[in-house]
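In this note's numbering, the protein residues as written are 9 to 514.
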């Protein structure tokens with residue numbers, strides 16, 4: 009299996025004149041810095057499966073690593089596949105692969121291998137990992153034309169059986185066979201790998217050399233050595249990671265996964281305390297209670313005073329990071345306010361310490377409702393319509409811009425180190441609990457200056473909304489986009505993001 013072959017290091021490889029050539033590269037340990045695929049199986053086991061399945065996968069990892077080192081890497085991969093994917097719906101695996109895994113793959117790209125891979129006109133990835141897990145990231149972010157990976161066996165009811173289709177896990181000679189089947193005699197011009205089991209497919213990649221007899225084929229392949237270099241910045245990939253799903257913040261290596269499981273009982277206890285102890289308290293006291301309970305709240309800027317009698321309230325226009333944005337804004341203000349949202353569960357509405365009203369998505373009806381709430385006092389609105397975890401702002405709905413002249417932009421940023429407090433496919437009523445399950449959740453609230461009256465003169469509501477989006481983007485250092493709630497849900501869950509009410513369901 010490639011014994012005795014010697015290949016040059018990737019540092020010897022040139023990127024000149026590659027635009028019309030084809031490259032075939034391994035993934036783990038080659039295009040990615042880490043050769044360990046465990047985190048990605050863990051993410052699928054957790055997000056498409058269950059907490060129990062993820063825990064069983066973690067328990068199996070010592071045995072699997074022993075098998076990989078001393079028995080067979082094929083058996084090790086098959087074990088991970090069986091535990092992580094058995095009986096899971098293929099549709100669920102596809103959704104996790106497209107919405108959860110890309111963020112973690114993107115944080116581990118090898119800059120040296122990417123420089124070479126990106127210089128080629130046609131790019132193929134040959135990997136032992138299941139193709140279904142790798143393909144969305146490889147095509148959308150690395151520009152791969154095709155992924156040759158291990159194929160899962162699928163039952164008649166659309167579930168993974170936990171086994172793989174013939175010829176089996178793509179390791180060693182099976183990688184070579186897959187390349188030969190795909191390319192025939194027109195083989196890739198260059199091969200990239202990082203271990204001995206890659207030598208078989210690397211050895212058949214051809215290059216061109218000039219000799220006395222003219223142009224002739226010559227083997228061209230390079231090894232990617234193990235390195236401790238920093239991963240490629242995510243903004244250097246072909247596309248930015250704007251939307252992603254999943255509850256875990258950090259890449260779940262075995263150690264990180266173990267620490268996360270150990271923290272969970274403590275985090276759940278802390279979360280319940282942080283949620284329910286603050287519900288009955290006045291906002292001014294809640295801010296001090298946050299300090300006691302380990303919640304870091306940073307407030308910048310000077311918020312306007314409460315409205316006087318007979319005066320309409322201020323409309324606080326916020327970017328949207330978590331479901332708790334309006335609540336934390338109220339704490340930062342030190343007074344009760346109301347908020348409007350596109351969707352809220354009955355349970356979240358019941359336990360909310362501030363008045364939360366769901367919008368109907370009927371423009372005239374929503375406008376009248378917002379005006380009524382402003383007559384009652386201050387109001388918070390998040391015109392993005394949904395949360396965004398990354399430093400981007402979605403397109404702002406223009407409805408708010410026509411309802412009042414008293415508009416104060418509020419820039420919100422958060423820091424979550426273990427769990428994300430947002431979800432598309434999961435249980436939304438758990439979002440606030442996941443925020444507060446972090447050891448030290450951090451909120452930074454910046455009150456910007458009230459919008460001058462002349463800003464709206466001669467401008468459409470869309471132009472005003474875009475202006476406020478740019479103001480908030482500049483304050484936060486975030487990039488403004490034209491993406492919407494509908495785009496997010498289409499990418500993450502294959503839906504339009506609408507939450508049906510009881511009448512629609514019936």
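A virtual CB, placed ideally from N, CA and C, is assigned to each residue, including glycine.
Keep in mind it's a predicted model, so treat the numbers as computed, not measured.
Quiz item: Given residue 489, which residues of its chain have a CB within under 8 Å of its CB, disregarding the five upstream and five downstream residues?
Solution: 250, 400, 401, 402 and 403
Self-check item: Where residue 404 falls: helix, strand or coil (DSSP)
Solution: The answer is coil: DSSP assigns residue 404 none of H, G, I, E or B.
Quiz prompt | Local Cβ density within 10 Å of residue 496, reported as buried at 16 or more and exposed below that | solution = Looking at its Cβ environment, which holds 16 or more other Cβ atoms inside 10 Å, residue 496 is buried.
Quiz item: Are the segment 140 to 150 and the segment 102 to 120 touching by the rule of at least three beta carbon pairs closer than 8 Å?
Solution: Contact between the segment 140 to 150 and the segment 102 to 120 is present, because at least three Cβ pairs lie under 8 Å.
Exercise. Could you check if residue 231 is buried or exposed, using at least 16 other CB atoms within 10 Å of its CB as the buried criterion?
Key: Looking at its Cβ environment, which holds 16 or more other Cβ atoms inside 10 Å, residue 231 is buried.
Quiz item: Can you list, in chain order, the stretches of the alpha helix (DSSP H) that have 4 or more residues and sit fully within the segment 393 to 480?
Solution: If only complete runs of 4 or more residues are kept, the segment 393 to 480 shows the alpha helix (DSSP H) at 439 to 444, in order along the chain.
Quiz item: When DSSP labels each residue in this structure, what does residue 227 get in the three-state scheme?
Solution: strand
Self-check item: 8 Å Cβ cutoff met for residue 437 and residue 429
Solution: no
Exercise. Would you please state the rounded distance, in angstroms, between the beta carbons of residue 165 and residue 40? I believe it to be under 8 Å.
Key: That pair is no contact at about 33 Å.
Quiz item: By how many angstroms is the C-alpha of residue 198 removed from the C-alpha of residue 219?
Solution: Bear in mind that a pLDDT of 42 at residue 219, under 50, signals an unreliable position, so the number given afterwards is only what the model happens to contain. So the alpha carbons of these two residues sit roughly 19 Å apart.
Quiz item: The beta strand (DSSP E) with residue 389 in it runs from where to where?
Solution: 387 to 389
Self-check item: Helix, strand or coil at residue 191 according to DSSP, with G and I counted as helix
Solution: helix
Quiz item: Among the residues of its own chain, which have a CB less than 8 Å from the CB of residue 151, if the five just before and after it don't count?
Solution: 126, 131 and 246, listed in sequence order.
Quiz item: Would you call residue 38 buried or exposed, if buried means 16 or more other Cβ atoms sit within 10 Å of its Cβ?
Solution: buried
Self-check item: Completely contained alpha helix (DSSP H) runs for the segment 137 to 178, where each covers 4 or more residues
Solution: 139 to 149
Quiz item: Buried or exposed: residue 292, going by 16 or more other Cβ atoms within 10 Å of its Cβ?
Solution: exposed
Quiz item: How should residue 369 be labelled, buried or exposed, when 16 other C-beta atoms within 10 angstroms of its C-beta is the threshold for buried?
Solution: exposed
Exercise. Could you check which residue in 149, 176, 155 and 154 has the C-alpha nearest to that of residue 161?
Key: 176
Exercise. Provide the residue span of the alpha helix (DSSP H) that contains residue 69, from first to last.
Key: 59 to 78
Quiz item: Which of helix, strand or coil does DSSP assign to residue 295?
Solution: helix
Quiz item: Whose C-beta lies closer than 6 Å to the C-beta of residue 24 among residues of the same chain, with five residues either side of it excluded?
Solution: none
Quiz prompt | DSSP three-state assignment for residue 52, whether helix, strand or coil | solution = helix
Quiz prompt | Cβ neighbours of residue 502 in the same chain (closer than 8 Å, five flanking residues each side left out) | solution = 103
Quiz item: Which class does residue 132 belong to by DSSP, given the choice of helix, strand or coil?
Solution: Correct three-state label for residue 132: strand.
Self-check item: Paired residues, beta bridge with residue 324 - DSSP
Solution: 388 and 416
Quiz item: How is residue 105 classed by DSSP in three states: helix, strand or coil?
Solution: helix
Exercise. Kindly list the residues whose CB is nearer than 8 Å to the CB of residue 493, restricted to its own chain and excluding five residues on each side of it in sequence; keep chain order.
Key: Once the five neighbours on either side are set aside, the close Cβ partners of residue 493 are 350, 392, 393, 394, 402 and 505.
Quiz item: residue 17 bridges to which residues according to DSSP?
Solution: 231
Quiz item: So, helix, strand or coil for residue 349, using DSSP?
Solution: strand
Self-check item: Reduced DSSP secondary structure (H/G/I, E/B, other) of residue 364
Solution: strand
Self-check item: Euclidean distance between Cα positions of residue 335 and residue 290
Solution: 12 Å
Quiz prompt | Nearest residue (CA-CA) to residue 85, options 469, 95, 65 and 98 | solution = 65
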